Each structure stands twice: as structure tokens, then as C-alpha cells.
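Notes follow once the structure below has been shown.
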Amino acid sequence: NAGVTQTPKFRVLKTGQSMTLLCAQDMNHEYMYWYRQDPGMGLRLIHYSVGEGTTAKGEVPDGYNVSRLKKQNFLLGLESAAPSQTSVYFCASSNPANYGYTFGSGTRLTVV
Amino acid sequence: DAKTTQPTSMDCAEGRAANLPCNHSTISGNEYVYWYRQIHSQGPQYIIHGLKNNETNEMASLIITEDRKSSTLILPHATLRDTAVYYCIVRVASSGNTPLVFGKGTRLSVIA
């Protein structure tokens, strides 16, 4: 079981460039989440999804878009990257009856 | 969801029990206490959760006071690999569409 897989693991972007972060889970989980973590800080929720085709905003959604076209995948897009989006991005998934979240290993993004 | 208060950091000698406190004085009757940890640069890992009874699993024990206003996570024999940031989160268990909110947690350093 791979669990939650995030790609890429590292990326450097120039200001204004766009990119998509992919999160894939093989546990048939209903819920998926995107968090970001800045140095010395806790995780902050960007967007989340409670099912295929549905998404919702979290605490810090500005500058990001998401899509959940397939149950197993949750994509996070940056349309025009800014240095303030330099962070480590974590994806997680869970089920309604499952109390624990399973997290991916993270994507370290630097915007220069 | 109720807010939690945790010490910023703690030290523990290797082989000794690590006791991590958490205050959640505004917890509601249907809110659970969850504990996660994050080892350096990795995604958070679920440890344990409980409602009002003490809980134990292969990783840790959770002691919740009778009034439920505080709890303690116990790592019975801490090892160097337990060095991590530990997050205490209070949340209604069935609120799968209300994502986990992470604070800054407690940085536990296990010292040889």
C-alpha cells in the first residue's frame, strides 16, 4: 500500500509561473486535504474535498485552485506563483469513519 | 472546535516516560481529543484519540481528566526517534467535513 503519494517532491518556480501539485491516495478515502507549512509554523489548511467533484476553501485559499475529478486524486494549482507561496505542501486523506488522517511526505516548493 | 493550549517545547531523557500536556478547557461534550506528531520534514502521523476514557495503543497512552478540560499524552519509554512536534487537536469525531486545525504543538526533544 502506497498510502498518500505527492508529486513532485521538490520544485523551484519563478514568480508568475504556474504549476500543479498532485496528490494520489490508494485507500479509497472520501476526504482529501491540502495544507501548507511555513518554517516554525503549524499546518494551515488551503482547500479540502469531501468527495469526488466537490471542493471547499480552507483557512488560506487565496492564490490556489483545486480539483477532485477522480476520487483518488486531489490536485492543487498555483496559477501565478508568488514568493509568499514558498512553503512545504502536505496532502492528506481520511474517511468519515476513520479517525486518523494519512499524510503524504510533502512537496517542498520554492518561488524565486 | 475547541482551542487547545500546549507548551512550546519539552525535553525528555531517553528511556524515560514523556508526558505531554494539553489544555482544552472549552471542549464540548461531543468533541474528541486527537494527538498527531510530526517528525522533522515528514507529514504528520496520527497517534491516538479519545473522548473521555483513557486510551492506550502501541504508540502511546492518552489520559483525559474527569472534567475533560485537559489531557496528557504519554510515551512510556521515549527514544531518540520520538523527537518530534506533537499536536493536540480537539474535534467532533463525525465532522469529516470539518478538517483538522493544527496549532503550533509541542516540540519534544528526547536527549540521550
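Heads up: the protein sequence lines correspond to chains A and B, in order.
Residues in the first sequence are numbered consecutively from 1, following my numbering.
Residues in the second sequence are numbered consecutively from 113, following my numbering.
Cβ coordinates follow ideal geometry from the N, Cα and C atoms, glycine included.
Bear in mind the structure is a predicted one, so any value in this text is a computation, not a measurement.
Check your understanding: Looking at C-alpha atoms only, which residue of Tyr148(B), Arg219(B) and Ile201(B) is the closest neighbour of Ser137(B)?
Key -> On the second sequence, residue 137(B) is found 25 positions in, with the first residue counted as 1. Of the listed residues, the one whose Cα sits closest to Ser137(B) is Ile201(B).
Exercise for review: Scan the segment 93–110 of chain A for residues whose Cβ lies nearer than 9 angstroms to a Cβ of chain B and list them as they occur along the chain.
Suggested key: Ser94, Asn95, Pro96, Ala97, Asn98, Tyr99, Gly100, Tyr101, Thr102, Phe103, Gly104, Ser105, Gly106 and Arg108
Review point. Closest by CA to Gly40(A), which one among Ile223(B), Ser140(B), Phe214(B) and Ala224(B)?
Key: Taking the first sequence and counting its residues from 1, one reaches residue 40(A) at position 40. Minimum Cα distance to Gly40(A) is reached at Phe214(B).
Check your understanding: Alpha carbon to alpha carbon, what distance is there between Ile139(B) and Lys115(B)?
Key -> By 1-based counting over the second sequence, the position of residue 115(B) is 3. By 1-based counting over the second sequence, the position of residue 139(B) is 27. Between Lys115(B) and Ile139(B), the C-alpha separation is close to 8 angstroms.
Check your understanding: Excluding sequence positions up to five away, which residues of its chain have a Cβ less than 6 angstroms from the Cβ of Met32(A)?
Key -> Within the first sequence, the letter at position 32 stands for residue 32(A). Cβ neighbours of Met32(A) beyond the five flanking positions: Ser49, Phe74 and Ser93.
Point to revise | Where Phe90(A) meets chain B, residues with beta-carbon distance less than 7 angstroms | key: Mapped onto the first sequence, residue 90(A) falls at position 90. By Cβ distance, chain B contributes Gly155.
Review point. Hey, is Tyr198(B)'s beta-carbon within less than 8 angstroms of any beta-carbon in chain A?
Key: As a working note, residue 198(B) is residue 86 in the second sequence. No - not a single Cβ of chain A is within 8 angstroms of the one on Tyr198(B).
Check your understanding: Three-state secondary structure (DSSP) at Gln85(A)?
Key -> Reading the first sequence from its first residue, position 85 is the one you call residue 85(A). Of the three classes helix, strand and coil, the one that applies to Gln85(A) here is helix, per DSSP.
Exercise for review: Ignore the nearest five residues each way along the sequence and tell me which others in Met123(B)'s own chain have a CB closer than 7 angstroms to its CB.
Suggested key: Taking the first residue of the second sequence as 1, we reach residue 123(B) at position 11. First, the amino acid is wrong: residue 123(B) is Asp here, not Met. Hits under 7 angstroms: Ser221 and Ile223.
**Study point:** Same chain, Cβ closer than 7 angstroms to Asp38(A), neighbours up to 5 away in sequence not counted
**Key:** For this step, residue 38(A) is matched to residue 38 along the first sequence. Ser87.
**Study point:** Cα-Cα separation, Arg68(A) to Leu76(A)
**Key:** Position 68 of the first sequence holds residue 68(A). Position 76 of the first sequence holds residue 76(A). Cα-Cα distance, rounded: 9 angstroms.
**Study point:** Backbone secondary structure at Arg193(B) - three-state DSSP
**Key:** The count along the second sequence starts at 1 and reaches residue 193(B) at position 81. Helix.
Review point. Looking only at C-alpha atoms, which of Gln118(B), Gly127(B), Ser121(B) and Thr120(B) sits nearest to His189(B)?
Key: On the second sequence, position 77 is the one that residue 189(B) refers to. Of the listed residues, the one whose Cα sits closest to His189(B) is Gly127(B).
Point to revise | Close beta carbons around Thr110(A), own chain, < 6 angstroms, minus the five adjacent residues each side | key: Residue mapping note: residue 110(A) aligns to position 110 of the first sequence, counting from 1. So the qualifying residues of the chain are Val12 and Thr86.
Check your understanding: Using the beta-carbon count (16 or more within 10 Å), is Ile151(B) buried or exposed?
Key -> Position 39 of the second sequence, counted from the first residue, corresponds to residue 151(B). Its Cβ having fewer than 16 others within 10 Å, Ile151(B) is exposed.
Review point. Excluding five sequence neighbours on each side, which residues of the same chain lie with their C-beta closer than 7 angstroms to the C-beta of Lys164(B)?
Key: In the second sequence, counting from the first residue as 1, residue 164(B) sits at position 52. Ile176 and Arg180.
Check your understanding: Where does the unbroken beta strand (DSSP E) through Tyr144(B) begin, and where does it stop?
Key -> On the second sequence, residue 144(B) is found 32 positions in, with the first residue counted as 1. First-last of the beta strand (DSSP E) with Tyr144(B): Glu143 to Gln150.
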